[in-house]
Amino acid sequence: MFQGTIDTGSAMPIEATANGDVLFDLGMIYSTGRGGLIDLVAAHKWFNLAALKGRGDAIPLRREIAGLMSDVEIATAQREARAWMATH
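Numbering (my numbering), first residue to last: 3 to 90.
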């Protein structure tokens, strides 16, 4: 059991330190439902961002996820990815 304390004052949000590997991991979490429900829109968004940050292996996964989504869901994921890029 953890007995220490966590210094949240110096913690940085994931977005501030995000690289392709972190973004890819988020895509995996949302595409598999690890720790919650499967969210294809979020998975597509994170795989898209991971690909933009150099994770080429995110491209086929994003494509696979897109095959399970409606056009509206894909458009939503792309819009969310653009919004994330504009703010980070």
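Glycine residues also receive a C-beta, built at the ideal position from the N, C-alpha and C atoms.
Residue span of the alpha helix (DSSP H) that contains D27, given as start and end | Along the sequence shown, read from residue 1 onward, the residue named residue 27 stands at position 25. It spans 22-34 - the alpha helix (DSSP H) in which D27 sits, taken as one unbroken run.
Endpoints, the alpha helix (DSSP H) within which M87 is located | Along the sequence shown, one-based indexing puts residue 87 at 85. Where M87 is concerned, the enclosing alpha helix (DSSP H) starts and stops at 73-89.
Check each candidate in G22, V43, I31, L28 and name the one with the smallest Cα separation from V74.
-> On the sequence shown, residue 74 is found 72 positions in, with the first residue counted as 1. V74 has its Cα closest to that of V43, out of G22, V43, I31, L28.
How big is the Cα-Cα spacing for D41 and A85?
-> For the purposes of this step, residue 41 is taken as residue 39 along the sequence shown, with counting starting at 1. For the purposes of this step, residue 85 is taken as residue 83 along the sequence shown, with counting starting at 1. Cα-Cα distance, rounded: 18 Å.
Please report how far the alpha carbon of S72 lies from the alpha carbon of I31, in whole angstroms.
-> The count along the sequence shown starts at 1 and reaches residue 72 at position 70. The count along the sequence shown starts at 1 and reaches residue 31 at position 29. Going by the C-alpha atoms only, they are around 20 Å apart.
What residues in its chain sit with their C-beta under 7 Å from that of A60, if we drop five residues either side in the sequence?
-> Your numbering for residue 60 matches position 58 in the sequence shown. Closer than 7 Å at the Cβ level, and outside the excluded window around A60, lie F26, G29, F49, A52, A53.
Near K55, what residues of its chain come up, given a Cβ to Cβ distance below 8 Å and the 5 sequence neighbours on each side ignored?
-> In the sequence shown, residue 55 corresponds to position 53, counting from 1. Answer for K55: A20, N21, G22, L25, listed in chain order.
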